[in-house]
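Residue numbers (mature numbering (1 follows the signal peptide of the UniProt record, and there is no 0)): -19 to -1, 1 to 140. Each residue gets a CB set at the ideal place from its N, CA and C atoms; glycine is no exception. Read the structure below first, then the notes.
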Amino acid sequence: MQNLTALLLLLVVFTPVRATDIWFYNDDDYDKHKTFKRFNFGIAQRCYNIADCFDNKASSASWINAPKAAWLAFYDDEECRGTQYVSMSTPSGEMKFAPVGLDNKISSFMQWEYATFALKGFVDICNDAAILAVNATTNTTDASNDNDNSALNATISFY
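Structure below.
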């Protein structure tokens, strides 16, 4: 019994958790990608808004590591509303939005696995990614001391 418990524990610990990587591009020619935005997400049935960082700019998208049974849905409005286009190409695929009338109109997306609704909520993935990527360093002492040569230095990196 202890061996079975240990085996199950090892399986849980070493089972890889896969998250989908998706790239949105401002050009639909895959050889001329000039601007892109990459996101990594792992929760299906959650609506991801991109309006704050790539709203109405995407001409194409590509993705890898999506679950085989999943579909990717792209919407022309925030909170996964409005006109949608669904791709069943998983675990990897690519899509040009112009042929389906959504060129430069994408504002949100969702990975469907068992429903077409955002059952797990809504996320502004732009701000969520920015918060996670903040690398701030601060060097400060009493800033009101005029005799002190202290400085406030901060670095914020967005990926």
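Proximity winner among the options, relative to residue i (alpha-carbon distances)
i: Ile45; options: Thr1, Leu100, Asn37 and Ala99; result: Thr1
i: Gly102; options: Cys28, Met69, Lys77 and Tyr95; result: Cys28
i: Ile24; options: Trp52, Phe5 and Ser41; result: Trp52
i: Phe5; options: Phe90, Gly82, Thr64 and Glu60; result: Phe90
i: Met69; options: Asp84, Arg19, Phe17 and Glu94; result: Glu94
Burial state of residue i (16 or more Cβ within 10 Å)
i: Ala50; result: exposed
i: Thr15; result: It should be noted that the sequence gives Lys, not Thr, for residue 15. By the 10 Å Cβ count, Lys15 comes out exposed.
i: Phe55; result: buried
i: Thr71; result: buried
i: Asp73; result: Residue identity check: residue 73 is Ser in the sequence provided, not Asp. Exposed is the call here.
i: Ala47; result: buried
i: Ile137; result: Bear in mind that the predicted position of Ile137 carries a pLDDT of just 37, short of 50, making it unreliable; the figure below should be weighed with that in mind. So Ile137 ends up on the exposed side.
Three-state secondary structure assigned by DSSP to residue i
i: Ala54; result: strand
i: Glu59; result: helix
i: Ala79; result: helix
i: Ala46; result: Reading the sequence as shown, one finds Asn at residue 46 and not Ala. Looking at Asn46 - three-state DSSP - the assignment turns out to be coil, as it is neither helix nor strand.
i: Ile106; result: helix
Whole-angstrom distance between residue j and residue i, CA atom to CA atom
i: Asn116; j: Gln26; result: With a pLDDT of 36 at Asn116, under the threshold of 50, the modelled position of that residue is not reliable, and no figure is offered here.
i: Cys107; j: Ala32; result: 8 angstroms
i: Lys38; j: Asp9; result: 11 angstroms
i: Asn21; j: Gln92; result: 12 angstroms
i: residue 144; j: Ala96; result: Because the chain here runs from -19 to 140, residue 144 falls outside it and cannot be looked at.
i: Glu60; j: Ile87; result: 11 angstroms
i: Gly82; j: Asn30; result: 19 angstroms
i: Arg19; j: Cys34; result: 11 angstroms
i: Ala111; j: Asp105; result: Low per-residue confidence applies at Ala111: pLDDT is 47, beneath 50, and the placement is therefore not dependable enough to give any value.
Opening and closing residue of the alpha helix (DSSP H) in which residue i lies
i: Phe35; result: Ala32 to Phe35
Continuous beta strand (DSSP E) stretch holding residue i: start and end
i: Thr64; result: Arg62 to Ser68
i: Ile24; result: No beta strand (DSSP E) contains Ile24, which DSSP labels as neither H nor E.
Residue-chain proximity (residue i, chain C), Cβ-Cβ < 7 angstroms
i: Ile45; result: Although the question refers to chain C, the structure presented lacks it and comprises just one protein chain.
Residue i: CB within 6 angstroms of a non-hydrogen atom of the ligand ZN
i: Ile106; result: Ligands in the displayed structure: none, and consequently the ligand ZN is not present.
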